[in-house]
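Colleague: Here it is, the structure, as structure tokens.
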Amino acid sequence: MANAKQTALILGGSGRTGSLIAEQLTDRGVQARTASRHGSDLLFDWDEPNTYAAALAGADRVYLVTPTMRIRYVNLVAIFLDLAEAAGVGHVTLLSTYNGDRAPQDVDMAAVEAEVANRGGFTHTILRPAWVMQNFTDEHLPIVDGLLIVPSGGGSEAFVDALDIAEVAVETLLDPAEHAGAAYSLTGPEALTFDDVARTIAAVSRRSVMYQDIDQEAWINGAIAAGVPAEYAKMLQWLTGAIIAGQGSRPSGDVETVIGRPATSFEAFALRSTAVWAVQEGK
Ligand SMILES: NC(=O)c1ccc[n+]([C@@H]2O[C@H](COP(=O)([O-])OP(=O)(O)OC[C@H]3O[C@@H](n4cnc5c(N)ncnc54)[C@H](OP(=O)(O)O)[C@@H]3O)[C@@H](O)[C@H]2O)c1
113 MANAKQTALI
123 LGGSGRTGSL
133 IAEQLTDRGV
143 QARTASRHGS
153 DLLFDWDEPN
163 TYAAALAGAD
173 RVYLVTPTMR
183 IRYVNLVAIF
193 LDLAEAAGVG
203 HVTLLSTYNG
213 DRAPQDVDMA
223 AVEAEVANRG
233 GFTHTILRPA
243 WVMQNFTDEH
253 LPIVDGLLIV
263 PSGGGSEAFV
273 DALDIAEVAV
283 ETLLDPAEHA
293 GAAYSLTGPE
303 ALTFDDVART
313 IAAVSRRSVM
323 YQDIDQEAWI
333 NGAIAAGVPA
343 EYAKMLQWLT
353 GAIIAGQGSR
363 PSGDVETVIG
373 RPATSFEAFA
383 LRSTAVWAVQ
393 EGK
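Right, dumping it as structure tokens:
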């Protein structure tokens with residue numbers, strides 16, 4: 113069947129994966145409408161359910177990104193999915209997180225996965241990415257005065273490139289039947305410590321970058337003092353706690369399974385990101 117009637121609604125459309133997915137779908141002949149609160153084709157605000165129906169109108173597939181910096185949102189997702197089913201959406205690809213099905217009860221990650229998976233009106237695919245490499249090039253994990261400070265206890269994580277997540281999502285949205293019911297753990301090709309990360313950034317950007325471990329609670333309190341919502345502490349405890357406990361993500365091979373090429377290495381990501389670290393140093 114021709115792609116003429118295929119229209120994807122891309123939530124988180126101004127975000128790291130959403131914006132890339134929309135570009136790639138358009139290049140491959142599927143209409144993509146980005147949606148978010150700012151800078152997308154359509155206004156979509158999770159806190160304003162009256163924005164849901166207009167965003168869904170005409171869409172037959174959805175890339176679902178839940179509200180960020182929050183832990184309670186399953187009720188909003190349920191309202192959205194009711195409307196999606198009523199609007200005739202045939203497939204939902206959910207952006208979850210690594211081990212999302214095993215998230216603590218007080219974070220709505222596993223509940224949202226179940227909400228998506230248990231619907232009869234559409235097929236679904238769940239993406240469970242590791243920590244995203246782009247955290248090191250934006251405000252999430254900046255290098256400040258040559259220091260990368262994150263609680264890790266020396267644990268490691270198979271950081272994944274947002275571009276790889278986007279490419280996997282695109283395949284699921286282009287061929288929902290092929291990926292119906294699948295859950296992909298999306299990782300990079302190697303588990304790295306934060307020391308490894310700092311050394312790689314230092315090497316490619318030719319500046320001094322050192323990793324410094326920090327007490328988990330002190331780091332989370334610092335994040336809250338800097339403006340992260342207090343309730344999000346639960347999420348940060350879970351995410352950093354896994355690494356500290358030596359249970360960070362491990363290379364899964366799922367990126368290569370879906371897109372047919374190996375996942376991007378941290379070094380390759382770093383080599384194309386040197387300009388960002390040069391700017392950070394100049395601040
Ligand atoms: N960062 C990581 O390492 C990582 C790893 C694994 C999984 N994840 C998951 O990936 C998801 C996206 O996180 P990210 O950090 O990569 O962010 P992102 O996709 O780069 O940005 C978030 C997107 O969601 C939109 N958004 C946020 N709150 C919204 C709201 N209330 N209503 C409507 N749109 C909203 C934002 O646009 P506006 O602000 O314009 O609305 C933006 O387009 C999260 O669920 C996160 O748990 C992240």
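Quick note: to get this note's numbering, add 112 to the position in the sequence shown (first position is 1). Don't be surprised by glycine CBs; every beta carbon is placed ideally from N, CA and C.
Entirely within the segment 233–300 and at least 4 residues each: give me those alpha helix (DSSP H) ranges in chain order.
Modeller: Correct list: 274–286 and 288–291.
Colleague: With H, G and I counted as helix, E and B as strand and the rest as coil, what does DSSP make of ALA147?
Modeller: In this structure, ALA147 counts as strand in the three-state DSSP scheme.
Colleague: Determine, using beta carbons only, whether ILE326 comes closer than 8 angstroms to chain D.
Modeller: Reference to chain D is not applicable here, since this structure consists of a single protein chain.
Colleague: Can THR352 be considered in contact with ligand 1, in the sense that its beta carbon sits closer than 7 angstroms to one or more heavy atoms?
Modeller: Flag unset: Cβ of THR352 not near ligand 1.
Colleague: Pair every Cβ in the segment 310–330 with every Cβ in the segment 262–269, then say whether three or more of these pairs are closer than 8 angstroms.
Modeller: The segment 310–330, when compared against the segment 262–269, does touch it at the 8 angstroms Cβ threshold.
Colleague: Cα separation between THR178 and ARG384?
Modeller: Taking the straight line from one Cα to the other gives about 28 angstroms.
Colleague: What span of residues does the alpha helix (DSSP H) with THR369 cover, start to end?
Modeller: THR369 -> alpha helix (DSSP H) spans 366–371.
Colleague: Does DSSP classify GLN324 as helix, strand or coil?
Modeller: In the structure shown, GLN324 sits in a strand (DSSP, three-state: E or B).
Colleague: Can you check whether the CB of THR119 is closer than 8 angstroms to the CB of ALA199?
Modeller: The answer is no: Cβ separation not under 8 angstroms.
Colleague: Might you give, ordered along the chain, the residues of its own chain that have their beta carbon closer than 7 angstroms to the beta carbon of THR209, omitting 5 neighbours on each side?
Modeller: Excluding positions up to five away in sequence, the list reads MET221, ARG240 and PRO241.
Colleague: So ILE356 is in the alpha helix (DSSP H); what residue range does that whole segment cover?
Modeller: From DSSP, the alpha helix (DSSP H) with ILE356 extends over 345–356.
Colleague: Please report the residue range of the beta strand (DSSP E) in which ILE183 lies.
Modeller: Careful: ILE183 lies outside any beta strand (DSSP E) and carries neither H nor E.
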